[in-house]
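Notes for the one structure printed next.
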Amino acid sequence: EGVVLAVQPVADGTGGAVRVAMEHVEGDEPVVVLSGDVPLVSAAVISALVEEQLADGNAATMVTTRLDEPAGYGRVVRDTTGGVLRVVETKTEGDASPRELAIREVNVGIFCFEPKALRRALQNLQDDNSQHEYYLPDTLPLLRDAGLHVAAHPIDDPGLVLGVNDRVQLARVTAVAQHRILVGHMQAGVTVIDPASTSVDAEVVLGADTVLEPGCALRGATRVGEGCTVGPQTTLIDTVLGDDVTVSHSYADGARAEDGVRIGPFAYLRPGAVLRTGAKVGTFVEIKNSDIGEGAKVPHLSYIGDADVGARSNLGAGTITANYDGREKHRTTIGEGVRGGVDTSFVAPVRVGDGAWTAAGSIVTEDVPPGALAVARARQRNVADYAPPSERPGTADPPARPPS
11 EGVVLAVQPV ADGTGGAVRV AMEHVEGDEP VVVLSGDVPL VSAAVISALV
61 EEQLADGNAA TMVTTRLDEP AGYGRVVRDT TGGVLRVVET KTEGDASPRE
111 LAIREVNVGI FCFEPKALRR ALQNLQDDNS QHEYYLPDTL PLLRDAGLHV
161 AAHPIDDPGL VLGVNDRVQL ARVTAVAQHR ILVGHMQAGV TVIDPASTSV
211 DAEVVLGADT VLEPGCALRG ATRVGEGCTV GPQTTLIDTV LGDDVTVSHS
261 YADGARAEDG VRIGPFAYLR PGAVLRTGAK VGTFVEIKNS DIGEGAKVPH
311 LSYIGDADVG ARSNLGAGTI TANYDGREKH RTTIGEGVRG GVDTSFVAPV
361 RVGDGAWTAA GSIVTEDVPP GALAVARARQ RNVADYAPPS ERPGTADPPA
411 RPPS
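Numbering of the sequence shown is given in this note's numbering, commencing with residue 11 and proceeding in unit increments.
Shown next, in the form of structure tokens:
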């Protein structure tokens, strides 16, 4: 909201881009220009830049920094009073003299302009360079020629203005950003056991006294409450955890867990998974679009999809909700205090009443009344005096066993 996207029809340089953008700018407020490949710049730097521009009445003020290895950056050439004369690009050999190449102060692509002066300079901008592009820094000598002042706003921390031109630089900038994010959380009371193996997006919210074990990745709109333990080796995407939640060796995407929930190890929570207070989802359990009630347990080796599980129910190992009939998904409703035997399959749509039980190995295809025991399996039949095939008459003798 409040953002206008200006499309540059031809990739004709940074000056051409600003010229297109200025068609949407009105009034006489300072115009700030930021390069899109400088993601670490802070609001404090931008505010200080604008304040200096307004206080000194400059036609333009540019952010600069000093680099020990400035290769690839435009060098800032100053006059004897400290004002900026021009920026010398170094994209191709011969663009800069040896003396200019020795300059360590560089242009980082962040400017603040007086709008009227900027418009006049853009009108006179030329593309007489090897790339045949309109360079925004070329407006600076035009402003100087008009008798206007151009100033530099140097910053001491080059990390704030690191640029990204390749995947190596992207990795470096990402590492710096991650360090800042994690430091902020740690200063707010979050414990990060191994920052080098932990990745947290900028918009993630973490509560105090939460612990991030090694190998965690927290993405998107994830919110974690207080006193939680996340990890090791856990990924949370757009997932919300209440207070005192434990998640270990698990993957959650679009899930929600209330206070005191226990997840994992090796659980998979898919979009729409809701775990109520004190619930447990254990080892090798997948939950999709399901509501697991307060204190309910799905301890291990189960798939619960499109289901509602009541409070305090306990579903045994190997529980499956068969929710898809080949055309549509159907819902399984399991009441409160239900005890599901191991290897029970619920063929949806089906309802199980409060306090009901299912026998081990049952395939439940009909509703189960409250308090009933559902036995839905073939009756066991024992075949007496059964001989293995290899010992039946007419079969070849089995190979002799080696002596023990």
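Where is the CB? At the ideal position from N, CA and C, for every residue including glycine.
Local conformation of L50 per DSSP, three classes: coil
Rounded Cβ spacing between E346 and D318 (contact assumed at less than 8 Å): Actually they are not in contact, since the Cβ atoms of E346 and D318 sit about 11 Å apart, beyond 8 Å.
Cβ distance (whole Å) where N117 is taken to contact V86 below 8 Å: 6 Å
Residue from D138, Y313, Q390 and I302 with nearest C-alpha to V348: I302
Limits of the unbroken beta strand (DSSP E) element including R129: R129 -> not in any beta strand (DSSP E); alpha helix (DSSP H) instead, spanning P125 to Q133.
Secondary structure, alpha helix (DSSP H): runs of 4+ residues fully inside the region 84-129: 108-111
First and last residue of the uninterrupted beta strand (DSSP E) at H159: Run containing H159: none; DSSP gives neither H nor E here.
Sequence-distant residues of its chain with Cβ nearer than 6 Å to G326 (five each side left out): Within the same chain, G326 has close Cβ partners G350, G351 and V352.
Chain-order list of residues whose beta-carbon lies under 8 Å from that of P379 (same chain, five-residue window excluded): G363 and A366
Three-state secondary structure (DSSP) of R29: helix
Alpha helix (DSSP H) segment containing T287, residue limits: Note, T287: premise wrong, no alpha helix (DSSP H); not H, not E.
Rounded separation between G230 and A332 - CA only: 31 Å
Own chain residues within Cβ distance below 8 Å of D155, not counting five before or after: Exclusion of the five residues before and after D155 leaves no residue of its chain whose Cβ lies closer than 8 Å to its Cβ.
Per-residue DSSP class, three states only, for S355: strand
Extent of the continuous alpha helix (DSSP H) run through G194: R177 to Q197
Cβ neighbours of G169 in the same chain (closer than 6 Å, five flanking residues each side left out): Here G169 has V186 as same chain residues with Cβ atoms under 6 Å from its own Cβ, once five neighbours each way along the sequence are excluded.
Beta bridge counterpart(s) of H315 as assigned by DSSP: Here the sequence assigns Gly to residue 315, which means His is not the residue at that position. Note: G315 sits in a beta bridge opposite K298.
One or two residues paired with I273 in a DSSP bridge: DSSP lists V257 and V291 as partners of I273.
Local Cβ density within 10 Å of A7, reported as buried at 16 or more and exposed below that: With the chain running from 11 to 414 in the structure shown, residue 7 is simply not present.
Whether A70 touches F121 by CB criterion (8 Å): yes
Run of the beta strand (DSSP E) containing R76, from where it starts to where it stops: A70 to R76 is the span of the beta strand (DSSP E), which, as asked, contains R76.
Selection from G92, D78, G26 and D248 that minimises the alpha carbon distance to R129: G26
Buried/exposed call for Y144, threshold 16 Cβ in 10 Å: buried
Alpha-carbon to alpha-carbon, P40 and A218: Between the alpha carbons of A218 and P40 lies a distance of about 40 Å.
Per-residue burial, S107 [other beta carbons within 10 Å of its own, 16 or more giving buried]: Taking all protein chains shown into account, S107 has fewer than 16 neighbouring C-beta atoms within 10 Å of its C-beta and is therefore exposed.
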